[in-house]
Amino acid sequence: MTSSVTLSELERVARAHFVAADLPGAVLHVVTSDGPLLTVEHGELSVGTPVMLGSTSKSMTAALLLQHVDEGLLRLDDPATRYLTDAELPEDITLSDLACHVSGLRTDTTPGRLTRRQDRSFNYANQNYNLLGQVLSTASGVSFGRLLSARILEPLGMQHSGSAPDVIGTRGRTNVLGKNCPAMRADFGPESWIQGPSGGVVASSEDAGRFLSMILSGGTFCGRQILSQCAIDTMLNSGVTVQRSPAVSDAFGDSGVYGFGWVKKDIAGHAVHTHSGKVPQSTSVFGLVPDLGIAFVLVANLGDFLVRTPLLEDLGGDIIRVLLNLPIKELPAKRKARIRQSILNLAYAAFLTVGVFGWHSRTRPRRVEGSLLYHAVLPTALMLGIRRASGTPWPWLFRFAPDAIGVLTVGCLSMLTSGLERMATAKRKHGPTGTA
């Protein structure tokens, strides 16, 4: 059993991180197989407030899948096309492949355009779990949201939970230049990049804790068998080894095993299972240490992909260190998020300044090569490069980081349009055959 000293240290660490991250609201909820052990609430968020979980939703989708496998309704080696007859997928892609992200689908693939990679190595893609949601709906004849409620949420007494698009949860905030602004509304329907099965499950911290308690107790909750022990073993111990992927990289290294909505790592001799979730309006982190019989939920009603979300993930790492009796290097400074944001804002200002150089004769490039680089190559490379590197569709990039993408767009458009203006001026001055 976790000692009172450990619990007080967990609370101290959590409160320090919540303040340093400058979060409007956040909750740490620690549970065992018997129920809640510790709750730390911060700001405007309580343990009963429903928030959209983001990609920690995948563990619940996986639980629903394994429940169907328990009952013989599905098999993990079933080809996905058996249930997705209209999907443009190779016939040898199985349900297990989707659950472990080895289907070959690209990260940015969407329901309307299933783009694939040349190989079938691990590649994290929301669409894998969106497709699993469709499989479950087809096999049961019930929508994913209703199926999740009937088979997982209601049996666990998760009264403040549901699934998008039917349930959205608290609106949450998105960071814009350091200001916590109401998050933009998004469509989490069947054509969305993020849907209920991949990231749109809504739950309070208390409800999510019930789900984790069920896993710790071998699939039972209040005497009711939700999942078999075999299903729990599959969820936590089956998967693919992953190296140097953002999906598994954290403070404990760049490798891990991914499977069924969890990342498994060996830390100080303990099997530790984690997953983080990010949507524009909220952030979550799940953690499980089965051999200690303890798990935790972290949620915040803020989506801030560049500054505050990484700080919340850092807190997840420190919670694991406390639970495993590992040293914490140091607690974050109280103004850490604000300092990072100030540096980022200076970078934004610098980029916008560079973006207007092309409008002034004293600062714009004079040689043809420099003009081509500044007015065409650089802005095009930046816009295409950010889109490709992030693996995120443009509409969602704007939702996740409206300030960064807004600054990038304005700066690049300024470079491009100032080049077009120079060309038009040169044409008027020298005629069709003249040069700038």
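Residue numbering for the sequence shown is 37 to 472, as defined by this note's numbering. By construction, the Cβ of each residue, glycine as well, lies at the ideal position given by its N, Cα and C atoms. This one's a predicted model, so the numbers in the text were calculated from it and none came from an experiment.
Taking 6 Å as the limit between beta carbons, can you name the residues of its chain near residue i, skipping five residues before and five after?
| i | result |
| --- | --- |
| Leu189 | Ser197 |
| Lys301 | Phe288, Gly292 and Val308 |
| Val76 | Glu47, Ala50 and Leu64 |
| Phe436 | Pro316 and Phe341 |
| Pro147 | Glu227 |
| Lys372 | Ala56 |
| Ser274 | Gly295 |
| Val343 | Ala373, Arg376 and Gln377 |
| Val87 | Gly205, Thr206, Ser318, Val335 and Asn337 |
| Gly313 | Leu89, Gly90, Ser91, Thr92 and Ser320 |
| Gly61 | Gly79, Glu80, Leu81 and Asn337 |
| Arg280 | Asp290 |
| Ile355 | Phe332 |
Do residue i and residue j have their CB atoms nearer than 9 Å?
| i | j | result |
| --- | --- | --- |
| Leu338 | Val321 | no |
| Thr130 | Gly297 | no |
| Leu172 | Leu120 | no |
| Ile262 | Leu324 | no |
| Asn159 | Ser234 | no |
| Ser176 | Leu183 | yes |
| Ala57 | Leu351 | yes |
| Phe247 | Met96 | yes |
| Met194 | Ala135 | no |
| Leu362 | Ile303 | yes |
| Thr270 | Val105 | yes |
| Leu499 | Leu418 | Nothing in the structure corresponds to residue 499, since the chain is present only between 37 and 472. |
| Val212 | Pro438 | yes |
| Leu388 | Leu359 | no |
| Gly71 | Gly353 | no |
| Leu252 | Thr42 | no |
| Ser139 | Asn164 | yes |
| Gly447 | Gly391 | yes |
| Thr145 | Arg152 | yes |
| Gln154 | Ala123 | no |
Does DSSP classify residue i as helix, strand or coil?
| i | result |
| --- | --- |
| Gly193 | coil |
| Met88 | strand |
| Ala98 | helix |
| Asn159 | coil |
| Leu388 | helix |
| Glu47 | helix |
| His65 | strand |
| Val212 | strand |
| Leu131 | helix |
| Leu380 | helix |
| Thr75 | strand |
| Arg118 | helix |
| Gly394 | helix |
| Ser39 | coil |
| Arg374 | helix |
| Ser93 | helix |
Please classify residue i as buried or exposed, where buried requires at least 16 other C-beta atoms within 10 Å of its C-beta.
| i | result |
| --- | --- |
| Met220 | exposed |
| Ser40 | exposed |
| Ile364 | exposed |
| Ile268 | buried |
| Phe54 | buried |
| Ile230 | buried |
| Met265 | According to the sequence displayed, residue 265 carries Gln and not Met. Flag for Gln265 reads exposed. |
| Glu107 | exposed |
| His311 | buried |
| Pro15 | No answer is possible for residue 15: it lies beyond the span of the chain, which begins at 37 and ends at 472. |
| Met459 | exposed |
| Ala440 | buried |
| Arg149 | exposed |
Which residues in the same chain have their Cβ closer than 8 Å to the Cβ of residue i, if we skip the five residues on either side of it in sequence?
| i | result |
| --- | --- |
| Ser378 | Gly214 |
| Gly470 | For Gly470, the pLDDT reaches just 46, beneath the cut-off of 50, and the residue's location in the model is therefore unreliable, leaving the point undetermined. |
| Tyr410 | Phe393, Gly394, Arg400, Pro401, Met451 and Gly455 |
| Pro22 | The question about residue 22 has no answer here: the residues shown for the chain are numbered 37 through 472. |
| Leu433 | Ile422, Arg423, Ser426 and Ile441 |
| Met250 | Leu192, Thr256, Phe257, Ile262 and Leu263 |
Leaving out five residues before and five after residue i in sequence, what residues of the same chain have Cβ atoms less than 7 Å from its Cβ?
| i | result |
| --- | --- |
| Leu382 | none |
| Phe393 | Thr399 and Arg400 |
| Val83 | Val63, His65, Thr75, Glu77, Ser240, Ser241 and Glu242 |
| Thr143 | Asn159, Tyr160, Ala161 and Gly427 |
| Asp114 | Thr130 and Leu131 |
| Glu127 | Pro115 and Thr117 |
Could you tell me which uninterrupted alpha helix (DSSP H) segments, each at least 4 residues in length, are contained entirely in the stretch 404-470, listed from first to last along the chain?
Counting whole runs of 4 or more residues, the stretch 404-470 contains the alpha helix (DSSP H) stretches 404-408, 414-426, 430-436 and 438-466.
Please give me, in chain order, every unbroken run of the beta strand (DSSP E) with length at least 3 that falls completely inside the stretch 223-254.
As far as the stretch 223-254 is concerned, its whole beta strand (DSSP E) runs of at least 3 residues are 237-239.
Going along the chain, which unbroken runs of the beta strand (DSSP E) with 3 or more residues stay wholly within the stretch 319-368?
Here the runs fully enclosed are 330-336.
Counting only runs that start and end within the stretch 256-330, where is the beta strand (DSSP E) found for 3 or more residues in a row?
As far as the stretch 256-330 is concerned, its whole beta strand (DSSP E) runs of at least 3 residues are 276-279, 291-295, 298-303, 306-315 and 318-325.
Runs of beta strand (DSSP E) wholly within the stretch 140-185 (minimum 3 residues, chain order)
Runs of the beta strand (DSSP E) inside the stretch 140-185: none found.
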